[in-house]
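Novice: Please read through the structure below; I'll follow up with questions.
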Amino acid sequence: MEPPEGDRLRRQPPNAADGTSPTFQNLNANKESIVVDDAALRALIGKADILLTDQTTLGDRGIELTDDDVEARYPSLVACHFSPFGRSGALAGRPGGELIAQAMGGIVATTGHPGELPHRAGPPLASHNAALLGGAAILSALYDKEESGKGAIIDLALYDASVSLLYTFLPAYFLSGKTPGPMGNKHMMVAPWDNYPTKDGWVIVCVANDRQWHDFLRLMGKADLIDDPRFAENDERVSEIGRPLVDGLVIDYLADKTTDEAIALLREHNVPAGPIYDVPTLMENPQFRAREMVQTFGGSARTAGSIFKMSETPGRVHSAAPALGRHAEIEP
Amino acid sequence: MSAPLEGVRVVELGAYTTGPLCARYLSNLGAEIIKVEPLKGESMRTFAYKVGDVSYIFHVHNVNKKSVPVDTNTKDGKAVLFDLLRTADVLIENFAYGSMQKWGLDYETIRAVNPALIYCSLSGFGHTGPDRHLRAFDTVIQGMAGVMAMTGTREGPPIKIGISAADNMGSAAGAMAITAALHHKCRTGRGQHINISMHDIQGWLTSECWALLDTEAGPQRNGNRHFAVAPQNIFAAADGLIAVEIETQKQLDALCDMLGVGQIALEDSKAHEASLEAALQEWVAARSVDTAVEDCLACKVPAGRVQGMDDVAENPFTWEREILVSLQHPESGEVKILGSPFKSNRSPGVVSSAAPTVGQHTRDVLGGLLGYSDERIDALVADKVIVDEASSV
């Protein structure tokens, strides 16, 4: 349901030839469009299983739909309200979008390089994570409804979705009282783990356990260091003394190799490693393409394929984003 | 008040984050989780930052669960696992592609045991495609999916998202797919195989910038700015950082009023980015974080503090929302831990018990649920097929 002038994302630059932005098209495949008013909304809700709103959807359009209304008149409706800070507590109702959710939710303060201004996650992490959690909340409520006949009113906060991502930082803070800052591409709890320079670029190496570290030492021709007490176990490798030592070994080993050579060798020895792809490269990536993750309709904007690969109920993208009011014939 | 997945039983064969956290999310929605661990306990128990002998992060991922260690490589262990799977609705596994097959636990085998079972595989690249054999951890996935390329400044190198985005979003996507499959199972009685790829999901995460692929400059990392709307950035107040984020014409009008500059159309806002940011930076610098945020909000300009882990943990709102909660662990005492992000008028989300010790629930589950006799359980313990906490002490 859109306001009479259309969802504001339709006008967000860059615009496609038909005036609708590719951003709108990407987010709105598979949908029907109808211009919203109070009467149409109430009539449709009576026939709907799920009502989704975000902070801009209802109040901004002069529609007052209280929880009491919903519970009294639509008792089997599953309503999910997305908002920056939820509908309870001291910050309820505060405005904010992706950047503020990331900033307040602790994502910004932990992204970037030490000593520099921190960064947001480039992609809209808080919104996407909230969308997935909202999907789980809604579908579990629908599952419950099959038996109980009762709907639910779900309160999904972008803040909650962001803080839920901080789990790797809780231990350090609550045990040591230290606030983790940005660590570049290192991992707080395991090492070696970073992007390392090669002759012609970077390679990412993630050593998650002792076995992989020992495999790596063998690859480097340094099997004699497997029992070296300075970095035999992960607890030592993440310490202030151990981490620079293992990073140094990795850097020396990779210095005379290209990224492709390094990745081939590391993978052959079961050390998790990979390149850094830009987005155009991702679009051509054989794996991403084999999974049908990039979809287009008649040469128009690209939209993401379904992340839900399921043997009985595979997710699919079946139609392009609708024109405004395209489905006005929908009978409320 | 009842949690929506009450009565749903999940067997988790997981390690590290993606599988265990996916099961944890389902437990927040009310599902019962039986964690089938290796006899010595799951790998993440040994990670750095320990409470007692167990990694703190293991606690975070494993609240609400029952621990039943089984050596599934033995014939008897496999029989125990299959007995569990006959009673279960869902199996979650997050091993490298091919591992479950090697162990005789692939979907076709398990489907023969219980055709109604939802079998969810969470892996780096999924179970199809040329890269499905690759071993990968979070940062490798972020690198290969364009996420790092889009994070940081144009001048600086690519940066990963600080938190483990690929791991955690894989868990959330798994939880969503499983709840959809439960709905399908409820209607048809049929289970299915779900294969979730962390790489798919991180690639999907970048899809906002696909809109720029046909523009001259293409998608580029942009610091804290948005590619289409301004101003959105981090600004330095006298005692810390705040984020200001304009998304709508109304908010831009409010900002212009607040700064005392002329009105600008939202579609033209990027052209005025530099001057708006300079004026806003000057305005913010003259205030403390608290005052700057308060003044912005009073003018209806969206703003918020850049909260570090300490700010998040000390902010009473975080506890009021119960997104952080405190649990008592029988051995470790108080553990502060993530709550449930699933709040509804029917359930606040379940966070009921601390992470289990190895084999804490073996006797309960095998005796109570499967009806194994004490003698049979003792024999399985003696044969080193299972671990029972009581007998291992």
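Here the protein sequences line up with chains R and U, keeping their order. Under my numbering, the first sequence is numbered contiguously, ending at residue 430. Under my numbering, the second sequence is numbered contiguously, ending at residue 457. Just so you know, even glycine gets a beta-carbon here, dropped at the ideal spot from N, CA and C.
#1: Please list, in chain order, all residues of the same chain as A241(U) whose beta carbon is under 7 Å from its beta carbon, the five residues on each side excluded.
#2: Using DSSP with H/G/I as helix, E/B as strand and the rest coil, what is F183(R)?
#3: Do you know how far the Cα of R254(U) is from the Cα of V457(U)?
#4: Taking the alpha-carbon of A371(R) as reference, which of A306(R), N126(R), D166(R) has the nearest alpha-carbon?
#5: What three-state label does DSSP hand P222(R) in the structure shown?
#6: Need the endpoints of the beta strand (DSSP E) that T401(R) sits in, please.
#7: May I ask you to report which of helix, strand or coil DSSP gives G397(U)?
#8: Please report the straight-line C-alpha distance between G106(U) and E100(R), rounded to a whole angstrom.
#9: Where do the ends of the beta strand (DSSP E) carrying T151(R) lie?
#10: Along the alpha helix (DSSP H) that carries D308(R), what are the first and last residues, could you check?
#11: Starting from the N-terminal side, write out each stretch of the alpha helix (DSSP H) that is 4 residues or longer and does not extend beyond the region 361-394 of chain R.
#12: Between G368(U), L316(U), T421(U), which has its C-alpha nearest M196(R)'s C-alpha?
#13: Which whole-angstrom value is the C-beta distance of G210(U) and L142(R), which I expect to be below 8 Å?
#14: CB I205(R) to CB T203(U), shorter than 8 Å?
#15: Give me, in chain order, the residues of the same chain whose beta-carbon lies closer than 6 Å to that of Q424(U); leave out the 5 immediate sequence neighbours on both sides.
#16: Excluding the five sequence neighbours on either side, which residues of its own chain have a C-beta within less than 7 Å of the C-beta of V422(U), listed in chain order?
#17: I98(U): which of I121(U), M212(U), V144(U), S411(U) sits nearest, CA to CA?
#18: For the candidate residues D308(R), P222(R), D325(R), A321(R), whose alpha-carbon lies nearest to that of V336(R)?
#19: With H, G and I counted as helix, E and B as strand and the rest as coil, what does DSSP make of N124(R)?
#20: Going along chain R in order, which residues have a C-beta closer than 8 Å to the C-beta of C273(U)?
#21: Quickly, what does DSSP pair L305(U) with across the bridge? List them, please.
#22: Using DSSP with H/G/I as helix, E/B as strand and the rest coil, what is S187(U)?
#23: Measure the alpha-carbon distance for L163(R) versus Q123(R) and round it to whole angstroms.
#24: So for E245(R), helix, strand or coil by DSSP?
#25: Could you give the residue range of the alpha helix (DSSP H) that holds I450(U)?
#26: Could you compute how far the alpha carbon of Q371(U) sits from the alpha carbon of A199(R)?
#27: Is it buried or exposed for D264(U), if we count other Cβ within 10 angstroms and need 16 for buried?
#28: When the Cα atoms are used, what is the spatial distance from L189(R) to G403(R)?
#29: Does the count of Cβ pairs from the region 242-257 of chain R and the region 171-182 of chain R closer than 8 Å reach three?
#30: For the beta strand (DSSP E) that N128(U) lies in, which residues bound it at each end?
#31: With DSSP as the reference, label V457(U) as helix, strand or coil.
#32: Determine the closest residue to I361(R) out of D325(R), P373(R), I251(R), with distance taken between C-alpha atoms.
#33: Hey, how far is the Cα of C360(U) from the Cα of A235(R)?
#34: Once the 5 residues before and after S228(U) are set aside, which same chain residues still bring their CB inside 7 Å of it?
Specialist: Quick answer:
#1: Stepping through the second sequence from its first residue, residue 241(U) is reached at position 177. The residues are C184, I258, I260.
#2: Stepping through the first sequence from its first residue, residue 183(R) is reached at position 85. Coil.
#3: Here the question's residue 457(U) lines up with position 393 in the second sequence. Here the question's residue 254(U) lines up with position 190 in the second sequence. Note on V457(U): pLDDT 46, under 50, position unreliable in the model; the coordinate value appears next. Approximately 42 Å between the Cα atoms of the pair.
#4: Within the first sequence, numbered from 1, the residue matching residue 371(R) stands at position 273. Selected option, being the one with the closest Cα: A306(R).
#5: Translated into the one-based positions of the first sequence, residue 222(R) becomes position 124. The answer is coil: DSSP assigns P222(R) none of H, G, I, E or B.
#6: As a position in the first sequence, residue 401(R) is number 303, starting the count at 1. Segment 400-402, the beta strand (DSSP E) holding T401(R).
#7: Here residue 397(U) refers to the residue found at position 333 of the second sequence. In the structure shown, G397(U) sits in a strand (DSSP, three-state: E or B).
#8: Position 42 of the second sequence, counted from the start, is the residue given in the question as residue 106(U). Position 2 of the first sequence, counted from the start, is the residue given in the question as residue 100(R). It is Glu, not Gly, that sits at residue 106(U) in the sequence shown. If I take the Cα positions, the gap works out to 49 Å.
#9: One-based indexing of the first sequence puts residue 151(R) at position 53. Segment 148-151, the beta strand (DSSP E) holding T151(R).
#10: In the first sequence, residue 308(R) corresponds to position 210, counting from 1. Where D308(R) is concerned, the enclosing alpha helix (DSSP H) stretches over 308-317.
#11: 377-382, 384-388
#12: Counted from its first residue, the first sequence places residue 196(R) at position 98. Before going on, a small fix: residue 196(R) reads as Glu here, not Met. For E196(R), the nearest C-alpha among the options comes from G368(U).
#13: What you label residue 210(U) is simply residue 146 of the second sequence in a count that begins at 1. What you label residue 142(R) is simply residue 44 of the first sequence in a count that begins at 1. G210(U) to L142(R), Cβ: 37 Å. No contact.
#14: Taking the first sequence and counting its residues from 1, the one referred to as residue 205(R) is at position 107. Taking the second sequence and counting its residues from 1, the one referred to as residue 203(U) is at position 139. No, they are not a contact pair.
#15: Here residue 424(U) refers to the residue found at position 360 of the second sequence. Hits under 6 Å: S131, E453.
#16: For the purposes of this step, residue 422(U) is identified with residue 358 of the second sequence, where counting begins at 1. The answer, listed in chain order, is E101, G105, S131, P133, V451, E453.
#17: By one-based count along the second sequence, residue 98(U) stands at place 34. The option with the nearest alpha carbon to I98(U) is V144(U).
#18: Residue 336(R) sits at position 238 when you count from the first residue of the first sequence. V336(R) has its Cα closest to that of D308(R), out of D308(R), P222(R), D325(R), A321(R).
#19: Taking the first residue of the first sequence as 1, we reach residue 124(R) at position 26. In this structure, N124(R) counts as helix in the three-state DSSP scheme.
#20: The residue given as residue 273(U) occupies position 209 in the second sequence. Here the neighbours are G220, P221, V377.
#21: The sequence position of residue 305(U) within the second sequence is 241, counting from 1. In the DSSP output, where bridge partners are listed per residue, L305(U) has A300(U).
#22: For the purposes of this step, residue 187(U) is taken as the residue at position 123 of the second sequence. S187(U) falls in the strand class under three-state DSSP.
#23: Indexing the first sequence from 1 puts residue 163(R) at position 65. Indexing the first sequence from 1 puts residue 123(R) at position 25. Taking the straight line from one Cα to the other gives about 28 Å.
#24: Position 147 of the first sequence holds residue 245(R). Helix.
#25: Walking along the second sequence from the start, residue 450(U) turns up at place 386. It is not in any alpha helix (DSSP H) - I450(U) carries neither H nor E in the DSSP assignment.
#26: Here the question's residue 371(U) lines up with position 307 in the second sequence. Here the question's residue 199(R) lines up with position 101 in the first sequence. In a straight line, the C-alpha of Q371(U) is about 10 Å away from that of A199(R).
#27: To locate residue 264(U), count along the second sequence from 1; it is residue 200. Answer is buried; the Cβ neighbour count reaches 16.
#28: Here residue 189(R) refers to the residue found at position 91 of the first sequence. Here residue 403(R) refers to the residue found at position 305 of the first sequence. Cα to Cα, the separation comes out at about 35 Å.
#29: yes
#30: By 1-based counting over the second sequence, the position of residue 128(U) is 64. Counting along the chain, N128(U) falls outside any beta strand (DSSP E), and DSSP gives it neither H nor E.
#31: Indexing the second sequence from 1 puts residue 457(U) at position 393. For V457(U), the predicted structure reports a pLDDT of 46, less than 50, and the residue's modelled location is therefore unreliable. A value from the coordinates is still provided. Of the three classes helix, strand and coil, the one that applies to V457(U) here is coil, per DSSP.
#32: Position 263 of the first sequence, counted from the first residue, corresponds to residue 361(R). The shortest Cα separation from I361(R) among D325(R), P373(R), I251(R) belongs to P373(R).
#33: Position 296 of the second sequence holds residue 360(U). Position 137 of the first sequence holds residue 235(R). Computed Cα separation, rounded: 33 Å.
#34: In the second sequence, counting from the first residue as 1, residue 228(U) sits at position 164. Contacts found: T81, D202.
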